[in-house]
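In my numbering, the protein residues as written are 15 to 185.
Take a look at the structure set out below.
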């Protein structure tokens, strides 16, 4: 089945991590793929130590997309396309039970990964694979295709007061 966690609220990645841990705890093979994150995102420490979870590599450093130069955006897009293509092929060939595509909607919205390419993967994936996708503003056809859709709606967030992210809470 297809799961979508989206919205402007906190908790999308946290929900995906929780579902991945539940699946791994029940002996399911999970591939966890992150976009727009670095190796230093806190959940990676735990996920990398969990049996039955394969965690794909992330860059050591990565700017926010709105801070990237055109050349940096092009380089990031190439990186993310490669991560997606390798992960999709591996998820199918290695017979994973679940693949998490964390922040996939954001890389699509930034034009760094083609919507059609991602949609083709989910539309043609075997029914035996749970596909979990997170991010902001998913295209409507992904919402229509999904079996589970959860919107995280921000009511209040410390960012609104100018506070930056905190280790262990936001990353």
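C-beta atoms are modelled at their ideal positions from N, C-alpha and C, and glycine is treated no differently.
Values in this document were obtained by computation on a predicted structure and should not be read as measured data.
Under 7 angstroms between C-beta atoms of residue i and residue j
| i | j | result |
| --- | --- | --- |
| residue 29 | residue 46 | no |
| residue 31 | residue 37 | no |
| residue 166 | residue 25 | yes |
| residue 153 | residue 134 | no |
| residue 60 | residue 67 | no |
For residue i, the three-state DSSP class (helix, strand or coil)
| i | result |
| --- | --- |
| residue 46 | strand |
| residue 122 | helix |
| residue 174 | helix |
| residue 64 | coil |
| residue 169 | coil |
| residue 201 | Not covered by the structure: residue 201. The range shown for the chain is 15 to 185. |
| residue 83 | coil |
| residue 93 | helix |
| residue 76 | coil |
| residue 27 | helix |
Beta-carbon proximity list for residue i, same chain, < 6 angstroms, skipping 5 on both sides
| i | result |
| --- | --- |
| residue 160 | 16 and 18 |
| residue 22 | 168 |
| residue 51 | 72 |
Residues near residue i by beta carbon distance below 7 angstroms, same chain, minus five either side
| i | result |
| --- | --- |
| residue 136 | 16, 145 and 159 |
| residue 27 | 57, 116 and 148 |
| residue 95 | 127 |
Residue interval of the beta strand (DSSP E) (run including residue i)
| i | result |
| --- | --- |
| residue 144 | 144-149 |
| residue 133 | Segment 129-138 is the alpha helix (DSSP H) holding residue 133; no beta strand (DSSP E) there. |
| residue 113 | 112-116 |
Same chain, Cβ closer than 8 angstroms to residue i, five either side skipped, listed in chain order
| i | result |
| --- | --- |
| residue 150 | 20, 21, 22, 119, 120 and 123 |
Near the ligand GDP: residue i beta-carbon under 6 angstroms from a heavy atom
| i | result |
| --- | --- |
| residue 26 | Here there are no bound small molecules, and the ligand GDP is not part of this structure. |
For residue i, the first and last residue of its enclosing alpha helix (DSSP H)
| i | result |
| --- | --- |
| residue 108 | Unbroken run through residue 108: none, as it is neither H nor E. |
| residue 185 | Note, residue 185: premise wrong, no alpha helix (DSSP H); not H, not E. |
| residue 54 | Looking at the DSSP string, residue 54 is not in any alpha helix (DSSP H), and its letter there is neither H nor E. |
| residue 22 | Where residue 22 is concerned, there is no enclosing alpha helix (DSSP H), given that its DSSP letter is neither H nor E. |
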